[in-house]
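Numbering of the sequence shown is given in the working numbering, commencing with residue 659 and proceeding in unit increments.
Ideal Cβ placement from N, Cα and C applies to all residues, glycine included.
As the structure is a prediction and not an experimental result, all values here were calculated from the model.
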Amino acid sequence: MSGDGSQPSDTMAERSESPTLKHTLLLNANRWLITAGLMLFVFVGLLVVARASPVSLRALMGSADPVETLFQALTTALITGVTLVVTINSLVLSQELGAVEDQRERLDGALEFRTDVESSIDAPISPPEPASFAQAIIAASEDRATDFREAVSESQDEELKERVDNFVDNVTTHADSIRDDLEDADFGTYEVVKAALDYNYSWKIFRARRIKNSHADSFTDEANEAYDDLLESLKLFGLAREHFKTLYFQWELINLSRAMMYVAVPALVVTMAMLLFFDADAVVGTYLGVDALVWIVAAASTVAVTPFLLLIAFILRIATMAKRTLAIGPFILRDSSRGEDIDWE
659 MSGDGSQPSD TMAERSESPT LKHTLLLNAN RWLITAGLML FVFVGLLVVA RASPVSLRAL
719 MGSADPVETL FQALTTALIT GVTLVVTINS LVLSQELGAV EDQRERLDGA LEFRTDVESS
779 IDAPISPPEP ASFAQAIIAA SEDRATDFRE AVSESQDEEL KERVDNFVDN VTTHADSIRD
839 DLEDADFGTY EVVKAALDYN YSWKIFRARR IKNSHADSFT DEANEAYDDL LESLKLFGLA
899 REHFKTLYFQ WELINLSRAM MYVAVPALVV TMAMLLFFDA DAVVGTYLGV DALVWIVAAA
959 STVAVTPFLL LIAFILRIAT MAKRTLAIGP FILRDSSRGE DIDWE
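Structure, rendered in structure tokens:
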């Protein structure tokens, strides 16, 4: 076996084959801004279709009543859809409920994990905040990587020393970058999870194991101990990242439920007002070459579908994160930005 394979980029955006704009829209952008963009798209789209249509909305209303039909359907969909989404979210979050035995098991597991982390980071107690907790584990992996390099520095295997140097340089440089990203991040914002996802611990585990497998005969007892400590710190980070990701998903689902209820009430008022009080004959004139009737119907329709646009904005991020982090450990389930195939022999 020669070489370590081509190194993926450090950040998740760079590892993705998606264009930067697409990655920003799916993950990084504020969800309310994405919702506003979708609302603008719907509103402008309706105006463009109305402008290009050979039949005017006012003419259609003379032979039928498309506006009443539309808003009747939207009213029903609003009540049913919001109720369904909130119910599903409640079912997802119901796992937080349970008997005292279940809660005790969860608590014991969390405390045991913290004990393992404290042993790895050589601290009497681990930080309580997720961002600081992740920083501590990353700092520990950086220190363990440095120890690993020192442990093999006296080896007669020059290829081993070169590969370990390259590996440790990547680990320390990347760790410093991620720790800076976590410095002012608060849990509940995407920044904490984003920084954790950017730290490609799975590739680091793969590369460390490959070095060990290639040069096992050159490893001393000290090198083996340093290697085991490094691997343990990387595995602990993987577990912490999965835990924080799960908590973030639950946090986002709660935010989604609240946001859906916030926007559903104004949307319901608009749809009901269009059914009860809207009179097309009272609307006259044109603006920018478009009938004022179209402007009102397009605006009301956009407000009415806002809860569903908000749902799309939130689920896009959650689904994208879930897809990119399905596997735990050194598995790569999608194409990443490697410039060459890995030499497995």
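Neighbour flag for residue i against chain C, beta carbons, 8 Å
{"i": "Ala708", "result": "The question asks about chain C, but that chain is absent: this structure has only one protein chain."}
Alpha-carbon to alpha-carbon, residue j and residue i
{"i": "Asp760", "j": "Lys903", "result": "21 Å"}
{"i": "Thr678", "j": "Val744", "result": "32 Å"}
{"i": "Ala789", "j": "Arg868", "result": "30 Å"}
{"i": "Ala922", "j": "Glu726", "result": "19 Å"}
{"i": "Ala956", "j": "Ala931", "result": "14 Å"}
{"i": "Leu728", "j": "Leu934", "result": "13 Å"}
{"i": "Met697", "j": "Ala940", "result": "26 Å"}
{"i": "Glu816", "j": "Asn871", "result": "16 Å"}
{"i": "Lys819", "j": "His681", "result": "37 Å"}
{"i": "Ile783", "j": "Ala958", "result": "55 Å"}
{"i": "Ala917", "j": "Ser752", "result": "19 Å"}
{"i": "Ile692", "j": "Leu765", "result": "37 Å"}
{"i": "Ala694", "j": "Tyr920", "result": "15 Å"}
{"i": "Arg772", "j": "Thr978", "result": "29 Å"}
{"i": "Gln730", "j": "Gly703", "result": "21 Å"}
{"i": "Leu926", "j": "Glu849", "result": "34 Å"}
{"i": "Asp937", "j": "Ile954", "result": "11 Å"}
{"i": "Val750", "j": "Leu742", "result": "12 Å"}
{"i": "Arg975", "j": "Asp844", "result": "18 Å"}
{"i": "Gly739", "j": "Trp690", "result": "19 Å"}
{"i": "Phe763", "j": "Glu890", "result": "Checking the sequence shown, residue 763 turns out to be Glu, not Phe. In a straight line, the C-alpha of Glu763 is about 23 Å away from that of Glu890."}
{"i": "Ala768", "j": "Leu684", "result": "31 Å"}
{"i": "Val775", "j": "Asn688", "result": "32 Å"}
{"i": "His832", "j": "Thr983", "result": "19 Å"}
{"i": "Glu910", "j": "Ser835", "result": "26 Å"}
{"i": "Pro785", "j": "His901", "result": "15 Å"}
{"i": "Ile912", "j": "Lys852", "result": "19 Å"}
{"i": "Thr804", "j": "Ala980", "result": "32 Å"}
{"i": "Pro924", "j": "Pro712", "result": "33 Å"}
{"i": "Ile970", "j": "Ser714", "result": "30 Å"}
{"i": "Ser721", "j": "Leu905", "result": "54 Å"}
{"i": "Asp827", "j": "Glu770", "result": "31 Å"}
{"i": "Asp1001", "j": "Asp823", "result": "Because Asp1001 sits at a pLDDT of 49, beneath the cut-off of 50, its placement in the model cannot be relied upon, and the following sentence gives the value as read from the coordinates. When rounded, the distance between both Cα atoms is 20 Å."}
{"i": "Gly663", "j": "Ala874", "result": "With a pLDDT of 49 at Gly663, under the threshold of 50, the modelled position of that residue is not reliable, and no figure is offered here."}
{"i": "Thr878", "j": "Val758", "result": "48 Å"}
{"i": "Leu946", "j": "Val707", "result": "14 Å"}
{"i": "Glu998", "j": "Asp886", "result": "At Glu998 the pLDDT is 39, less than 50, meaning the model places this residue with poor confidence; the figure from the coordinates comes in the next sentence. Approximately 29 Å between the Cα atoms of the pair."}
CB of residue i within 8 Å of CB of residue j, strictly
{"i": "Arg709", "j": "Val948", "result": "yes"}
{"i": "Pro724", "j": "Leu718", "result": "yes"}
{"i": "Ala884", "j": "Phe806", "result": "yes"}
{"i": "Phe825", "j": "Ala866", "result": "yes"}
{"i": "Arg899", "j": "Ala854", "result": "yes"}
{"i": "Glu787", "j": "Val829", "result": "no"}
{"i": "Val700", "j": "Thr960", "result": "yes"}
{"i": "Ile863", "j": "Leu892", "result": "yes"}
{"i": "Asn747", "j": "Leu914", "result": "yes"}
{"i": "Leu897", "j": "Arg802", "result": "no"}
{"i": "Ala881", "j": "Ala792", "result": "no"}
{"i": "Thr929", "j": "Ala950", "result": "no"}
{"i": "Ser811", "j": "Ser876", "result": "no"}
{"i": "Leu705", "j": "Val952", "result": "yes"}
Beta-ladder partner(s) of residue i, from DSSP
{"i": "Val948", "result": "Tyr945"}
(request) Spell out a yes or no on whether the stretch 849 to 865 and the stretch 785 to 801 are touching, meaning 3 or more CB-CB pairs, one atom from each, closer than 8 Å. (result) Yes: the two stretches touch, three or more of their Cβ pairs being nearer than 8 Å.
(request) Determine contact between the stretch 963 to 980 and the stretch 735 to 749, defined as no fewer than three beta-carbon pairs at a distance below 8 Å. (result) In the pairwise beta carbon analysis, the stretch 963 to 980 is classified as touching the stretch 735 to 749: at least three pairs are separated by under 8 Å.
(request) Run through the stretch 704 to 768 for me and flag every whole alpha helix (DSSP H) of 4 or more residues, listed as ranges in chain order. (result) 715 to 721, 724 to 751
(request) Check whether the stretch 825 to 840 touches the stretch 768 to 779, taking contact to mean three or more Cβ pairs, one atom from each stretch, closer than 8 Å. (result) no
(request) Any chance you could list the alpha helix (DSSP H) runs of at least 4 consecutive residues sitting entirely within the stretch 779 to 864, in chain order? (result) Whole alpha helix (DSSP H) segments, 4+ residues: 788 to 810, 816 to 840, 848 to 856.
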